[in-house]
Amino acid sequence: MRTQYAANTQARAFGRKRWSLLHVGSGVMEGVMRSDAKICGESGTESSPRGLGCSLRHFACEQNLLSRPDGSASFLQGDTSVLAGVYGPAEVKVSKEIFNKATLEVILRPKIGLPGVAEKSRERLIRNTCEAVVLGTLHPRTSITVVLQVISDAGSLLACCLNAACMALVDGGVPMRALFCGVTCALDSDGTLMLDPTAKQEKEARAVLTFALDSVERKLLMSTTKGLYSDAELQQCLAAAQAASQHVFRFYRESLQRRYSKS
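And the structure:
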């Protein structure tokens, strides 16, 4: 009996620290963007899943990593990694108190050095996205704080921050009307669309667009763009992001199922 108990304890401990992995294969946009040859001229292959810009990088997520926050998550998107912690609902300073809803704050810390203008801009975008889904009216006169630490930046950093924040809010049990995710698109000089671009692809791209979408109706919660693009290209990128979000939300579900499964 003592040996069996030790084995069960070890298995449970391994299950809590188990990473949830999902590789999103090539051609995820094939059905949606088939009519546009510039976006995806032919279906990708397993040997070159990102060769045509029609795939997402692999995802990995681990929740409940930190002991002090009420919820935490580490989200890996390719080689981009972000660690998120959620504190609250907790007591709020009188100067920041809102009488009919919770005060939501987002703090983004870079990998090296102090936060700059880019981090402050991303904080505002992430806060606006979280405020659109968090049911703050259920916890008036309180504070909910999301702290994000960049571990590595290899492209699509804002999208990875959004995904890490969502999984941390879920782990902390913060009430939300829907989940949300971030998807980044890039357009090169030829107008070819690339999903989930790397840092090199972002640097060489003509335009980079990041969208935040909800899990219920795929509604647009937030968008930020950089570079030159046409109205038609904007609609193409939004359609591509909405289709790609299905794979992100599917990963959310599978990740949570692995964590809470009794087996």
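Going by this note's numbering, the first residue of the sequence shown is number 109, and it counts up by one from there. By construction, the Cβ of each residue, glycine as well, lies at the ideal position given by its N, Cα and C atoms.
Pick from the options: whose alpha carbon is nearest that of residue i?
{"i": "GLY280", "options": "LEU164, ASP304 and ASN172", "result": "ASN172"}
{"i": "VAL214", "options": "CYS238, ALA198 and GLY224", "result": "CYS238"}
{"i": "ASP187", "options": "HIS166, ALA272 and PHE288", "result": "HIS166"}
{"i": "GLU199", "options": "VAL190, PRO248, SER175 and ILE234", "result": "PRO248"}
{"i": "GLU312", "options": "GLY335, ARG326, LEU321 and GLN365", "result": "GLY335"}
{"i": "SER189", "options": "PHE357, SER260 and ARG361", "result": "SER260"}
{"i": "PRO218", "options": "LEU191, ALA352 and GLU362", "result": "LEU191"}
{"i": "ASN208", "options": "GLU310, GLY244, CYS268 and GLU362", "result": "GLY244"}
{"i": "VAL356", "options": "ASN236, ILE206, CYS274 and ALA210", "result": "CYS274"}
{"i": "MET284", "options": "SER175, LEU174, PRO197 and ASP298", "result": "PRO197"}
{"i": "TYR368", "options": "CYS268, VAL202 and VAL278", "result": "VAL278"}
{"i": "ARG326", "options": "LYS308, SER338, SER353 and ALA315", "result": "SER353"}
{"i": "ASP298", "options": "LYS201, GLU341, ALA276 and VAL282", "result": "GLU341"}
{"i": "LEU222", "options": "VAL258, ARG235, GLU205 and LEU246", "result": "VAL258"}
Is residue i helix, strand or coil by DSSP?
{"i": "THR300", "result": "coil"}
{"i": "PHE359", "result": "helix"}
{"i": "THR245", "result": "helix"}
{"i": "ASP178", "result": "coil"}
{"i": "GLU170", "result": "strand"}
{"i": "GLU205", "result": "coil"}
{"i": "GLU310", "result": "helix"}
{"i": "LEU364", "result": "helix"}
{"i": "LEU342", "result": "helix"}
Are residue i and residue j close, meaning C-beta to C-beta below 8 Å?
{"i": "THR250", "j": "TYR195", "result": "no"}
{"i": "THR71", "j": "GLY263", "result": "Because the chain here runs from 109 to 371, residue 71 falls outside it and cannot be looked at."}
{"i": "VAL242", "j": "ALA286", "result": "no"}
{"i": "PHE288", "j": "LEU301", "result": "no"}
{"i": "LEU256", "j": "ALA272", "result": "yes"}
{"i": "LEU233", "j": "LEU266", "result": "yes"}
{"i": "PHE319", "j": "ALA351", "result": "no"}
{"i": "LEU329", "j": "LEU321", "result": "yes"}
{"i": "LEU164", "j": "LEU364", "result": "no"}
{"i": "GLY224", "j": "ALA276", "result": "no"}
{"i": "LEU216", "j": "GLU227", "result": "yes"}
Where does the unbroken beta strand (DSSP E) through residue i begin, and where does it stop?
{"i": "GLU199", "result": "188-199"}
{"i": "LEU381", "result": "Residue 381 cannot be examined here, being either before or after the span of the chain that is shown, 109 to 371."}
{"i": "ALA320", "result": "315-322"}
{"i": "MET275", "result": "Here MET275 belongs to no beta strand (DSSP E); instead the alpha helix (DSSP H) covers 265-279."}
{"i": "MET330", "result": "328-335"}
{"i": "SER251", "result": "250-260"}
{"i": "ARG285", "result": "No beta strand (DSSP E) contains ARG285, which DSSP labels as neither H nor E."}
{"i": "ILE215", "result": "211-217"}
Considering residue i, what are the terminal residues of the alpha helix (DSSP H) in which it resides?
{"i": "SER229", "result": "225-241"}
Stretch-stretch touch, CB-based, cutoff 8 Å, three pairs: the stretch 290-297 with the stretch 344-352: yes
Segment contact flag, the stretch 164-171 with the stretch 179-188, C-beta cutoff 8 Å, min 3 pairs: yes
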